[in-house]
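Visitor: Sequence order for the protein chains is A, B, C and D. Just so you know, we're using full-length UniProt numbering here: the first sequence kicks off at 1 and counts up by one. Just so you know, we're using full-length UniProt numbering here: the second sequence kicks off at 1 and counts up by one. Just so you know, we're using full-length UniProt numbering here: the third sequence kicks off at 1 and counts up by one. Just so you know, we're using full-length UniProt numbering here: the fourth sequence kicks off at 1 and counts up by one.
Protein chains: 4
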Amino acid sequence: MQKLKIVTIGGGSSYTPELMEGMIKRYAAFPVTEICLVDIPDGAEKLAIVGKMAQRMWDSSPYDVKVTTTLDRRAALKDADFVTTQFRVGLLEARIKDERIPLSYGIMGQETNGPGGLFKALRTIPVILDIVQDMKDVCPNAWLINFTNPSGMVTEAIIRYGHWDKVIGLCNVPVNAMMKEPKLIDKTTGELIFEFAGLNHFHWHRVSDAHGHDVTPDIIEAMYHKDDGIPKNIHKVPFIKEQLLDMNLIPCGYHRYYYRAEEMLAHSIEEYNTIGTRAQQVKQIEHELFELYKDPNLDHKPEQLSKRGGAYYSDAACEAMMSIYSNKNTCMVVSTVNRGAVPDLPADCVVEVSANLSGKGALPLAFGHLEAPEAGWLQLMKNMELGICKAAVTGNYGLLLNTVFMNPLVASGATAKQVVDELLLAHAKYLPQFADTIAKLKADHVTVKDPVVNELLATGK
Amino acid sequence: MQKLKIVTIGGGSSYTPELMEGMIKRYAAFPVTEICLVDIPDGAEKLAIVGKMAQRMWDSSPYDVKVTTTLDRRAALKDADFVTTQFRVGLLEARIKDERIPLSYGIMGQETNGPGGLFKALRTIPVILDIVQDMKDVCPNAWLINFTNPSGMVTEAIIRYGHWDKVIGLCNVPVNAMMKEPKLIDKTTGELIFEFAGLNHFHWHRVSDAHGHDVTPDIIEAMYHKDDGIPKNIHKVPFIKEQLLDMNLIPCGYHRYYYRAEEMLAHSIEEYNTIGTRAQQVKQIEHELFELYKDPNLDHKPEQLSKRGGAYYSDAACEAMMSIYSNKNTCMVVSTVNRGAVPDLPADCVVEVSANLSGKGALPLAFGHLEAPEAGWLQLMKNMELGICKAAVTGNYGLLLNTVFMNPLVASGATAKQVVDELLLAHAKYLPQFADTIAKLKADHVTVKDPVVNELLATGK
Amino acid sequence: MQKLKIVTIGGGSSYTPELMEGMIKRYAAFPVTEICLVDIPDGAEKLAIVGKMAQRMWDSSPYDVKVTTTLDRRAALKDADFVTTQFRVGLLEARIKDERIPLSYGIMGQETNGPGGLFKALRTIPVILDIVQDMKDVCPNAWLINFTNPSGMVTEAIIRYGHWDKVIGLCNVPVNAMMKEPKLIDKTTGELIFEFAGLNHFHWHRVSDAHGHDVTPDIIEAMYHKDDGIPKNIHKVPFIKEQLLDMNLIPCGYHRYYYRAEEMLAHSIEEYNTIGTRAQQVKQIEHELFELYKDPNLDHKPEQLSKRGGAYYSDAACEAMMSIYSNKNTCMVVSTVNRGAVPDLPADCVVEVSANLSGKGALPLAFGHLEAPEAGWLQLMKNMELGICKAAVTGNYGLLLNTVFMNPLVASGATAKQVVDELLLAHAKYLPQFADTIAKLKADHVTVKDPVVNELLATGK
Amino acid sequence: MQKLKIVTIGGGSSYTPELMEGMIKRYAAFPVTEICLVDIPDGAEKLAIVGKMAQRMWDSSPYDVKVTTTLDRRAALKDADFVTTQFRVGLLEARIKDERIPLSYGIMGQETNGPGGLFKALRTIPVILDIVQDMKDVCPNAWLINFTNPSGMVTEAIIRYGHWDKVIGLCNVPVNAMMKEPKLIDKTTGELIFEFAGLNHFHWHRVSDAHGHDVTPDIIEAMYHKDDGIPKNIHKVPFIKEQLLDMNLIPCGYHRYYYRAEEMLAHSIEEYNTIGTRAQQVKQIEHELFELYKDPNLDHKPEQLSKRGGAYYSDAACEAMMSIYSNKNTCMVVSTVNRGAVPDLPADCVVEVSANLSGKGALPLAFGHLEAPEAGWLQLMKNMELGICKAAVTGNYGLLLNTVFMNPLVASGATAKQVVDELLLAHAKYLPQFADTIAKLKADHVTVKDPVVNELLATGK
């Protein structure tokens, strides 16, 4: 039997059981021989819990696969065939900061492509570039399957600054759409043709039926009568119908932040003031999940994981790995190099598009030009992504301000600058590239306002 | 002597005396033989006042030029050599609506490329396309010099939908920058090389000295110590210095709305709640100006006009006409077809750039690619312009919403939609292309909230 | 059972039996109910022979399908589901002229993208636009599957000037490559990943194995040791190996005309002077084929058809129709709208690329930028195609000259102009758009030099 | 008085007197203080003659300027303000090889963008990159004014591989056009507006009169009745009128090689067989010029220099230097970075276009898209240039073949490969980057056929 080693960075994540389930389900076509879960010292406890849980899942399967855990990333990566990344630099506490600091000033945090997500990119990119460096040394033939958010920006940095092409960026949002939308018009997924184009958490799609007829308007219409498949972690405010019918494209759930900015912000502020932001809620869910995972009798993915918000993320990762491994030419939606597929953006940047996945990786399907409004939004957001990737590797403060101000969720000005400054301070531990700026902020006695964040900082988090 | 006929649409404007002054000053190179001021019936009184004032200015000059006034636009256009447009559909009352309706919901109005400006475009484009149709019929060789705002979108519509290429869009903002910035670094305009690129009221420029050294950083630095030449009609909040130094470009004054959105909005809301919005202030200034113009002894442009905010607009128009007429190859900043000059935008759209002006019109100077943040902003704004031009000719409500939501000054959602709906209602008289939508809004009992606007509507304005 | 009607224009072609075979083979997934073969009066005899032969093929199959023949194209098209086009305006005699007139002056004729092919485009485009007009009227939901050459230019004209999007342009060259190349490196087609990009008869491809490793160099190497799959109708001169290794792409067989122009011309001149050009040879093969087809006992495609040069053309057509009909998402190489797939060309032009074929038609796979030499060749050839399409619909003689001179097989100048003039004269019957130019040529006593062409003309062909 | 030092590399050229004349004429605006002529040891004798002649020219002027000569390039470059390059690697003997080797096989040599010119690029680029390296060290603020041919490719290499932006590529062809064409339609240069776009020796232009009316067709028409200003060194075969009228652009003289390839080749072959190729003729002219230059009484540019073919080259260089030095904003046609001016080519490549010349260097005027045939030619030729620049720095033989075969004057195949091989052999001394390939050719006993070239080689040239 041929070796097939999977290394999962951030292996102590609560998502790991879904990943195991995905691999068990696909074992025939994707006969894993070794799984290594890697985490950092701060995650050692969770890693131990998840590692045992994962092993129990395999033990209860018909397959003899060994799951190992380690804190030595470089050793783990040795001879890997696939590396999946699902780590979170600074853990959920960092996400709490990403969300609460902006909201403490009435600005949306949003941890993917909102201001919070931009700081997540600043923290994550240096780490992922380190991982890529390790991979060049010890597993140069491996594929990197990234689902650490912001997945699009991280994938962009891996390719642009890490010069590593064997990478696929993944997301569960398109998977969800393709599973839920057919039901809205009494079809099955196989009967419909989906074409996605855009960026991670900022893509649109159109849908045709098996005869090539555009059924996008039918799905839009149905979205207002039936459940429209908004991801668990996004507030359920509907898009404005006239707008959707005009664009004749279906936005992704995260577009709510941009097309219904007012309501999304109001909802986030309400949560901020009451039950806590999403990260705080997730922390509670995670706590419950880990309690479950500790149960030595639990040997399958518990139902509660679906509340976590990332359902199908790991399943998509397994599907992608299997398609690459077995050269299966599956059509999936992934973050990959544009190559012209979205001609409104440069051919060398990362986009999220429908693509054929095979042993060669992702070959994107050309989508053609978007109409003016979508093209404009997309170009803004991609350039924001490019700006933040550059800021992440250069530590340029002026560029950071310039880029954050591009984000349509941010009203530029003194308050926004204060938010940027507080985020820099609060994440100081994970932003060595901004050390000089942060020192200057401290010297200027800039302080964080949000009490929850201050509590975290007080305990060294 | 050769005929040289100038027709000014919106001739009853308070700017007309500056236009006269500009022509008198340039008479040697631009020997006007006939000036016809055109206006609409609602502007008849102002037209009469301005017409007499204009004639007095010429009479006190060494030149024998006759100024005529008329309400018959088509007759006036006959055999024109240059047509200048400075009209305002719906007069200042419409601008009051553009500004107050958004502000009544805490959203910036901004009458150029903000939400207010988008409605100004919706009102103006059908009228300008009518004028172009007249020009095709009665003065097919004339040049159209547009300084009706939003000048970039109006110029785009003239070319894209009017299929009329002999047009120059003008603005006084670059003129002001080129006059004031040299002094900041103890130079003269002639010693510096300015390169502008972008859109009307959304352009950046870089500056080199006579030896080709980039002095952009010096000017930025000096802007924080000396008067930075912010136009009269824009609140004087400074740009954030780190941001400017990173981009190493000088934004235009209107960029404040986008780079200091918070402060500009706060200032506008304060004015809204106290002394009235800019349009209301301008109305008072205009009233005073017209009182002055009535003085039968006044035969030169009064000093007070400079408070109006559009200083050098008309002078730029005269300079442009003279350059075209005498094939002078002057370098000016104008709105014209891109032709590749700004490679981040399509070659066939209208941009505002440095250009050589000659008998052929404007030949733009190629600027090269912008960095990611500027490219992103620019592409967003240009696509917004393209969206609004299309909405103006189609009356498509979904596209209108989709386009207004692109504007970074607008937080999308129910309130923004309400603002759009109220603006449609308030401008009903000037938006025939949206008649069906407006009828539906009325049927749905949508009403305008702002009391000042309601007063205007009550009096049929 | 649902209706599934196929109409074949140029149904009297010798290729029709392969088309029948392809449909019989795929009957389960593509249950044809009606086949109508259409031809022109000059082809009535062949149509009758082929019609009977086709019916015999179905009769010897397990399926009950009726083949009808007609000269009334518009009536035939009524309610068609798929229309295939394989007609040749002016029959083989026209191809003889396309080949012999240039060769009579030592210039390559080449009936696809050489000068001969450009004239084939001029003759074919007006006819195909007529067909499209009929389809709009009587079968607006049908798909047009074109394999009339020059397939790329014809497809371009259908979309650009016919405004008909439901079209697929087909060619057998990629099919052949994908069948023969795997064997060169002891692989099967299914084990390899092919990526094609370019134009019809002017595309390159790269090949990866199932692990994503680039095996293009291995195939290139093997091409010099084993049979390299050059199409029957192309002289077997090998590519220069250093050139191929540098580009690391595999050109198509037709690239020989451009990469080994000297040898291909020498070979064509030799045939011109001895056994006759390819068209003359084909005429003999066709004669033999029709003798076979007349045999009332023949009820399957005869082996001899493979000598004809177009093997797999019809099979590719059947595969394409089946994939569209049954929404099968097959990966094929087709001529379709670029949509960005080849970013060195505009997104709205027709390219030949790997694509997913489904009920929506072709969704091309983005290839990314080509290296400078390939990009340059491609841009030249595509612009030549665009020039000839425009000349075909406008009848502009200056544009025709300008376009023909672009072709790298043509040394521009007086002789090339003479060749253009003689081709116009010789094809006068089929080039009504150039009637004025042709009249002028006749008035100037321009005459055709080649004796074989003159003989054809003398007999009214 | 401020220092203004000019260094001329290849100072021993026969063109130097024109350069002196240009500087003397412009002394008021361009007050040169020091001129240093540099050459290589093989050119020492000519350098001495020219150096004295140059000094005599200044001595007979009202200005006190010292001309020095040296073989120490690096020392000469110290503190230069402007460096002009007019050297010829391998002297005229190399050009003889560039022309005769291709012609010995019936292929055009053409020393600018024909096959000969491609080899000139291969020889020149390494040398110019060396010069740039010296300039970075000893005169980092100097401007490089290149008129060594092929000027476009050399300028491209300086920017792309030398990373040196302060460079202007010059050519006399546009100057000639702008001087001669106005007379054809009874106008003066100042009354017309010229817009050039394309590449060095491969550009087109359109012309408007002072009223903006397109007079391109008038000039085309007149070219067939009057002297059309074909450069001295190009055979006078007229363009085909219908072709020009269709494109409505005026090609440059060198376009004859591409639009009348047949006649140009025939003429070159005739010269090859009789009076010798252009290089051989030039050698004779040069000999005569140097005899004249030796005359100690000659103190002005002799009339005979105009026969040399490059008239106005040096004058253009002086005009460019003066415009940069005095920040004059002159409109000239130069090779510079595209920046979008020709949107059919990438923004970062070098083009030859109309540009404003000032202290900042060249700011190109945006031309807009070309029609399909011109776009196709241009894209082919630019990609050929990019290929040859890369081959010049990498010494890649496969890329060299691939690039040479792109040239429309070359019929690809065995003979063209033989020509490439012979050129490599004949230029071995100047092509160290191809040393391995050349060694292999020698091992394979490849030899040069042309007897004149063999004679040169026998004498070590």
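Virtual Cβ for every residue (Gly too), placed ideally from N, Cα, C.
1. Once DSSP output is grouped into helix, strand and coil, what is the label at glutamate 111(A)?
2. Less than 6 Å between C-beta atoms, sequence neighbours within five positions excluded: which residues of the same chain meet that for alanine 347(D)?
3. Could you give the DSSP three-state label for tryptophan 164(B): helix, strand or coil?
4. Would isoleucine 125(C) and threonine 336(C) qualify as a contact pair, given that the criterion is a beta-carbon distance under 8 Å?
5. Should glycine 368(C) go down as buried or exposed, given a rule of 16 or more other Cβ atoms within 10 Å for buried?
6. In this structure, how does DSSP classify alanine 355(C) when only helix, strand and coil are distinguished?
7. Between glycine 12(B) and the rest of its own chain, which residues show a CB-CB distance below 6 Å, the 5 nearest in sequence each way excluded?
8. Show which residues of chain B have a CB atom less than 9 Å away from the CB atom of arginine 339(D).
9. Which residues mark the beginning and the end of the alpha helix (DSSP H) in which aspartate 218(C) is found?
10. Quick check: is the beta carbon of isoleucine 193(A) nearer than 8 Å to any beta carbon in chain C?
11. Got a sec, what are the start and stop residues for the alpha helix (DSSP H) serine 335(C) sits in?
12. From glutamate 319(D) to glycine 198(D), what does the alpha carbon distance come to, in whole angstroms?
13. Report the rounded CA-to-CA distance for residue 484(D) versus valine 215(B), giving the unit in angstroms.
14. Is the distance from the Cβ of leucine 441(D) to the Cβ of isoleucine 101(D) below 8 Å?
15. From threonine 394(B) to glutamate 263(A), what does the alpha carbon distance come to, in whole angstroms?
16. Can you confirm whether arginine 260(B), when its beta carbon is compared against all beta carbons of chain A, has any partner nearer than 8 Å?
17. What residues of chain B sit near aspartate 209(D), judged by a beta carbon separation below 8 Å?
18. Does the beta-carbon of proline 373(D) have 16 or more other beta-carbons within 10 angstroms, so that it is buried, or is it exposed?
19. Please report the straight-line C-alpha distance between glutamate 270(B) and serine 104(B), rounded to a whole angstrom.
20. Residues of the stretch 408-423 of chain C in Cβ contact with chain D at a cutoff of 8 Å, in chain order, please.
21. Check whether the stretch 51-60 of chain C touches the stretch 8-28 of chain C, taking contact to mean three or more Cβ pairs, one atom from each stretch, closer than 8 Å.
22. Have a look at Ala366(D), Trp204(D), Met321(D), Ala443(D) and flag the residue whose alpha-carbon is nearest the alpha-carbon of lysine 166(D).
23. Could you check the C-alpha separation between aspartate 134(C) and asparagine 149(C) for me, to the nearest Å?
24. Report yes or no: do three or more beta-carbon pairs, one from the stretch 355-362 of chain B and one from the stretch 377-388 of chain B, lie closer than 8 Å?
25. Using a Cβ cut-off of 8 Å (strictly closer), state whether leucine 399(B) contacts chain A.
26. Can you tell me whether isoleucine 275(D) is buried or exposed? The criterion is at least 16 other CB atoms within 10 Å of its CB, across all chains shown.
27. Is it buried or exposed for alanine 366(A), if we count other Cβ within 10 angstroms and need 16 for buried?
28. Provide the residue span of the beta strand (DSSP E) that contains aspartate 209(D), from first to last.
29. Is the Cβ-Cβ distance between isoleucine 285(D) and lysine 301(D) less than 8 Å?
30. For alanine 347(C), which residues in chain A fall below 7 Å Cβ to Cβ?
31. Helix, strand or coil for proline 102(B)? Go by DSSP, reduced to three states.
32. Determine contact between the stretch 244-261 of chain B and the stretch 401-417 of chain B, defined as no fewer than three beta-carbon pairs at a distance below 8 Å.
33. Please report the distance separating the alpha-carbon of tyrosine 397(D) from that of valine 350(D).
34. What residue from Asp444(B), Glu242(B), His235(B) has the CA that sits closest to isoleucine 220(B)'s CA?
Guide: Working from what's here:
1. coil
2. Asn338, Arg339, Gly340
3. coil
4. no
5. buried
6. strand
7. Asp39, Gly43, Lys46, Leu47, Val50
8. Gly340, Ala341, Pro343, Leu365, Ala366, Phe367, Gly368, His369
9. 216-223
10. yes
11. Looking at the DSSP string, serine 335(C) is not in any alpha helix (DSSP H); the run it does join, the beta strand (DSSP E), is 330-337.
12. 21 Å
13. Nothing in the structure corresponds to residue 484(D), since chain D is present only between 1 and 461.
14. no
15. 29 Å
16. yes
17. Gly359
18. buried
19. 11 Å
20. Pro408, Ala411, Ser412, Gly413, Ala414, Thr415, Ala416, Lys417
21. yes
22. Met321(D)
23. 20 Å
24. no
25. yes
26. exposed
27. buried
28. 202-209
29. no
30. Pro343, Gly368, His369
31. helix
32. yes
33. 24 Å
34. Glu242(B)
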